[in-house]
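What follows is one structure encoded as structure tokens, with my remarks underneath.
Protein chains in written order, with the working numbering: chain A, 1 to 110; chain B, 1 to 116.
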């Protein structure tokens, strides 16, 4: 089955800096790569996703890149704000399986 | 539309007791998923429904776990004879689509289970 590894486990940045979180996956059949943000006491919230026929996708300050050959994908947050502080999860999957990474705790210091 | 609703938010039980959690999905969503999340980990898929049909249940953690969605609307997850290792956050999600598990998921806030 799929195995997803996520790095780093914790990340601290200064407000206004960029943050990058990286994930690798093992199953070449995976074709869907979402990213979720989870705040304390809440369920994960989808922030951006990408399918395998696209190499990059951007939504305002958030972008995701996918390298299918190397089996890795990354989340980029620019101009970080304190409200971006949360735990971020990547996931990889297909119609029959989806696995989440262990999460990255992002802290944005004002 | 108030999003995915889960009840109760917290459940404390003694080992060996049965517990049941309820999930009300977003009303127009045809798919409903159950996930488990332990501290410091990402959500772990358990099972999902398309309308009232349970399409995948092999990932339920043991035969003590069962889920229903009798009328294709709300769902319940039951754990029988709870064990301390069952302590976790149980998340429900819903989606509208036809891509199986690879969908945009809308999660509820979860039910935190503590087994003493």
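Cβ coordinates follow ideal geometry from the N, Cα and C atoms, glycine included. The structure presented is a predicted model; accordingly, all values stated were derived computationally and were not measured.
From the options, residue whose alpha carbon lies closest to that of residue i
{"i": "residue 26 of chain B", "options": "B/38, B/39, B/6", "result": "B/6"}
{"i": "residue 89 of chain A", "options": "A/15, A/5, A/1, A/36", "result": "A/36"}
{"i": "residue 12 of chain B", "options": "B/30, B/82, B/45", "result": "B/82"}
{"i": "residue 73 of chain A", "options": "A/26, A/1, A/17", "result": "A/26"}
{"i": "residue 11 of chain A", "options": "A/77, A/97, A/93", "result": "A/77"}
{"i": "residue 79 of chain A", "options": "A/63, A/44, A/1, A/40", "result": "A/63"}
As assigned by DSSP and simplified to three states, the class of residue i
{"i": "residue 93 of chain A", "result": "strand"}
{"i": "residue 27 of chain A", "result": "coil"}
{"i": "residue 60 of chain A", "result": "coil"}
{"i": "residue 44 of chain B", "result": "strand"}
{"i": "residue 54 of chain B", "result": "strand"}
{"i": "residue 34 of chain A", "result": "strand"}
{"i": "residue 6 of chain B", "result": "strand"}
{"i": "residue 78 of chain B", "result": "strand"}
Span of the beta strand (DSSP E) around residue i
{"i": "residue 38 of chain B", "result": "Neither: residue 38 of chain B is in no beta strand (DSSP E) and is coded neither H nor E."}
{"i": "residue 29 of chain B", "result": "Where residue 29 of chain B is concerned, there is no enclosing beta strand (DSSP E), given that its DSSP letter is neither H nor E."}
{"i": "residue 11 of chain B", "result": "10 to 13"}
{"i": "residue 67 of chain B", "result": "65 to 68"}
{"i": "residue 3 of chain A", "result": "Taken as a continuous stretch (DSSP letters only), residue 3 of chain A belongs to no beta strand (DSSP E), as it is neither H nor E."}
{"i": "residue 48 of chain A", "result": "45 to 51"}
{"i": "residue 93 of chain B", "result": "88 to 95"}
{"i": "residue 101 of chain B", "result": "Segment: none, residue 101 of chain B is in no beta strand (DSSP E) and carries neither H nor E."}
{"i": "residue 108 of chain A", "result": "104 to 109"}
{"i": "residue 24 of chain B", "result": "19 to 24"}
{"i": "residue 84 of chain B", "result": "Premise fails: residue 84 of chain B is in no beta strand (DSSP E) and is neither H nor E."}
{"i": "residue 12 of chain A", "result": "10 to 14"}
Residue i, buried or exposed, once every other Cβ within 10 Å from all chains shown has been counted against 16
{"i": "residue 49 of chain A", "result": "buried"}
{"i": "residue 55 of chain A", "result": "exposed"}
{"i": "residue 28 of chain B", "result": "exposed"}
{"i": "residue 53 of chain B", "result": "exposed"}
{"i": "residue 5 of chain A", "result": "exposed"}
{"i": "residue 60 of chain A", "result": "exposed"}
So does the region 97 to 109 of chain A actually touch the region 72 to 89 of chain A, counting three or more Cβ pairs closer than 8 Å? yes
Stretch-stretch touch, CB-based, cutoff 8 Å, three pairs: the region 5 to 22 of chain B with the region 48 to 59 of chain B: no
How do the region 61 to 70 of chain B and the region 10 to 18 of chain A stand: do at least 3 beta-carbon pairs fall below 8 Å, yes or no?
-> no
- Message: So, does the region 82 to 97 of chain B touch the region 28 to 45 of chain B, judging by three or more C-beta pairs under 8 Å?
- Response: yes
**Asked** For the 8 Å Cβ check, are there 3 or more pairs between the region 31 to 45 of chain A and the region 97 to 105 of chain B?
**Response** Yes, the region 31 to 45 of chain A is in contact with the region 97 to 105 of chain B.
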